[in-house]
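Residue numbers (my numbering): 382 to 737.
Don't be surprised by glycine CBs; every beta carbon is placed ideally from N, CA and C.
One structure below.
Here's what the structure looks like:
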């Protein structure tokens, strides 16, 4: 038995919410660990191969839907929300409508959220330990095998929309999630109810048709997957639809009516860095590996590396209007050391009538 047994768990839960806000979170909820329907959905999704090259999804097996396997002794999950909408960014639709600019998903315009969330969650757990004494816990961000959206729903933070993102009624879907798995039997919050109704705006908004049905995403067609998780060549049949999206995609969120309630994030880590909210594609393609390293270190983008970043920008340049600066930027990388980059450069040049 932990020292927490002598504390008022309801009062403790209330105080945790207050401390979470003081540490930069916008909401905190408590969920149980049983999500059988979500587990069945996960098994079916993996069985149909809709996870693409994300082999780690299968490798982790059912640990993802059973937090007690990830951290033995878990009886509750503290689910925390941190908003990231960058109020200082150039209007998203304006950038998408300008094919000479590169579109970066709004969540990646600032610093790497993994570090920000993990630091705040660890601080929350440390403060709790100082107050009640030793207890069992594990801090998780989305690099850990956790079905975080299902747990966040059960913690009352929002419902899972038809685009498979979590939606909070008061803020929309522009936020990150993090968790603390714990052996503390804290009182549970009420699961969130769904409020999509008959709206299906997100489904036709997907440029590649990745939302194949409500609540059903084919990652193999998803631009976020293709530009971030997918390590090999982007399928030719999907390259035109990618447009100028060079890291991630927000289209299904941009059309969601609930996002009219989004507010600019207060956390300074999510402010735009290096002009990535509206960067020139030819300029981005002229970056060297050293330039990428200097500018992207400390960003979520850094994880994909210079090769995949160049692959993505090459596709966007292939979709840009033919112009001397576009063709020149591509020609300069025609003999790139990477076969992956060269392949996408050749495809891009073919789009401008410069193949061979």
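Compute the Euclidean distance between the alpha carbons of residue i and residue j, then round it to the nearest angstrom.
{"i": "residue 505", "j": "residue 520", "result": "10 angstroms"}
{"i": "residue 549", "j": "residue 435", "result": "27 angstroms"}
{"i": "residue 588", "j": "residue 642", "result": "24 angstroms"}
{"i": "residue 660", "j": "residue 575", "result": "37 angstroms"}
{"i": "residue 509", "j": "residue 460", "result": "15 angstroms"}
{"i": "residue 431", "j": "residue 599", "result": "5 angstroms"}
{"i": "residue 415", "j": "residue 443", "result": "12 angstroms"}
{"i": "residue 547", "j": "residue 633", "result": "12 angstroms"}
{"i": "residue 727", "j": "residue 452", "result": "48 angstroms"}
{"i": "residue 382", "j": "residue 533", "result": "Below a pLDDT of 50, predicted positions are generally treated as unreliable, and residue 382, at 46, falls in that range; the measurement from the model is reported next regardless. Rounded to whole angstroms, residue 382 to residue 533 spans 27 angstroms at the Cα level."}
{"i": "residue 595", "j": "residue 624", "result": "24 angstroms"}
{"i": "residue 690", "j": "residue 736", "result": "22 angstroms"}
{"i": "residue 395", "j": "residue 421", "result": "33 angstroms"}
{"i": "residue 426", "j": "residue 601", "result": "12 angstroms"}
{"i": "residue 389", "j": "residue 437", "result": "40 angstroms"}
{"i": "residue 656", "j": "residue 482", "result": "11 angstroms"}
{"i": "residue 560", "j": "residue 703", "result": "47 angstroms"}
{"i": "residue 441", "j": "residue 522", "result": "15 angstroms"}
{"i": "residue 488", "j": "residue 517", "result": "31 angstroms"}
{"i": "residue 569", "j": "residue 580", "result": "30 angstroms"}
{"i": "residue 725", "j": "residue 628", "result": "16 angstroms"}
{"i": "residue 680", "j": "residue 501", "result": "17 angstroms"}
{"i": "residue 456", "j": "residue 685", "result": "35 angstroms"}
{"i": "residue 478", "j": "residue 540", "result": "30 angstroms"}
{"i": "residue 475", "j": "residue 706", "result": "21 angstroms"}
Considering just the uninterrupted stretch of the beta strand (DSSP E) at residue i, what are its terminal residues?
{"i": "residue 563", "result": "556–563"}
{"i": "residue 458", "result": "457–464"}
{"i": "residue 485", "result": "482–485"}
Going by C-alpha to C-alpha distance, which of the options sits closest to residue i?
{"i": "residue 466", "options": "460, 486, 399", "result": "486"}
{"i": "residue 682", "options": "608, 441, 474", "result": "608"}
{"i": "residue 630", "options": "590, 729, 616", "result": "590"}
{"i": "residue 551", "options": "606, 639, 692", "result": "639"}
{"i": "residue 708", "options": "731, 555, 429", "result": "731"}
{"i": "residue 603", "options": "545, 704, 726", "result": "545"}
{"i": "residue 687", "options": "703, 479, 717", "result": "717"}
{"i": "residue 645", "options": "555, 388, 392, 403", "result": "555"}
{"i": "residue 514", "options": "456, 565, 400, 573", "result": "565"}
{"i": "residue 668", "options": "498, 692, 647", "result": "692"}
{"i": "residue 417", "options": "475, 502, 457, 531", "result": "531"}
{"i": "residue 585", "options": "563, 635, 540, 572", "result": "635"}
{"i": "residue 503", "options": "406, 678, 679, 685", "result": "406"}
{"i": "residue 419", "options": "404, 448, 719", "result": "448"}
{"i": "residue 429", "options": "597, 450, 605, 648", "result": "597"}
Helix, strand or coil for residue i, going by three-state DSSP, please let me know.
{"i": "residue 447", "result": "coil"}
{"i": "residue 547", "result": "strand"}
{"i": "residue 583", "result": "helix"}
{"i": "residue 709", "result": "helix"}
{"i": "residue 442", "result": "helix"}
{"i": "residue 633", "result": "helix"}
{"i": "residue 696", "result": "helix"}
{"i": "residue 505", "result": "helix"}
{"i": "residue 426", "result": "helix"}
{"i": "residue 615", "result": "coil"}
{"i": "residue 661", "result": "strand"}
{"i": "residue 622", "result": "helix"}
{"i": "residue 520", "result": "strand"}
{"i": "residue 686", "result": "helix"}
{"i": "residue 598", "result": "strand"}
{"i": "residue 609", "result": "helix"}
{"i": "residue 416", "result": "coil"}
Is the beta carbon of residue i sitting closer than 8 angstroms to the one on residue j?
{"i": "residue 538", "j": "residue 445", "result": "no"}
{"i": "residue 491", "j": "residue 620", "result": "no"}
{"i": "residue 696", "j": "residue 469", "result": "no"}
{"i": "residue 666", "j": "residue 714", "result": "yes"}
{"i": "residue 663", "j": "residue 710", "result": "yes"}
{"i": "residue 626", "j": "residue 484", "result": "yes"}
{"i": "residue 528", "j": "residue 423", "result": "yes"}
{"i": "residue 734", "j": "residue 637", "result": "no"}
{"i": "residue 611", "j": "residue 433", "result": "yes"}
{"i": "residue 738", "j": "residue 622", "result": "Nothing can be reported for residue 738: it is not among the residues displayed for the chain, which extend from 382 to 737."}
{"i": "residue 542", "j": "residue 577", "result": "yes"}
{"i": "residue 498", "j": "residue 614", "result": "no"}
{"i": "residue 471", "j": "residue 658", "result": "yes"}
{"i": "residue 567", "j": "residue 411", "result": "yes"}
Residue range of the alpha helix (DSSP H) that residue i falls in?
{"i": "residue 476", "result": "473–477"}
{"i": "residue 391", "result": "390–403"}
{"i": "residue 412", "result": "Note, residue 412: premise wrong, no alpha helix (DSSP H); beta strand (DSSP E) at 408–412."}
{"i": "residue 593", "result": "Careful: residue 593 lies outside any alpha helix (DSSP H), inside the beta strand (DSSP E) at 592–594."}
{"i": "residue 672", "result": "670–677"}
{"i": "residue 728", "result": "720–732"}
{"i": "residue 469", "result": "Here residue 469 belongs to no alpha helix (DSSP H), and DSSP marks it neither H nor E."}
Can you check whether the C-beta of residue i is within less than 8 angstroms of a C-beta belonging to chain D?
{"i": "residue 618", "result": "Protein chains in the displayed structure number just one, and chain D is not present."}
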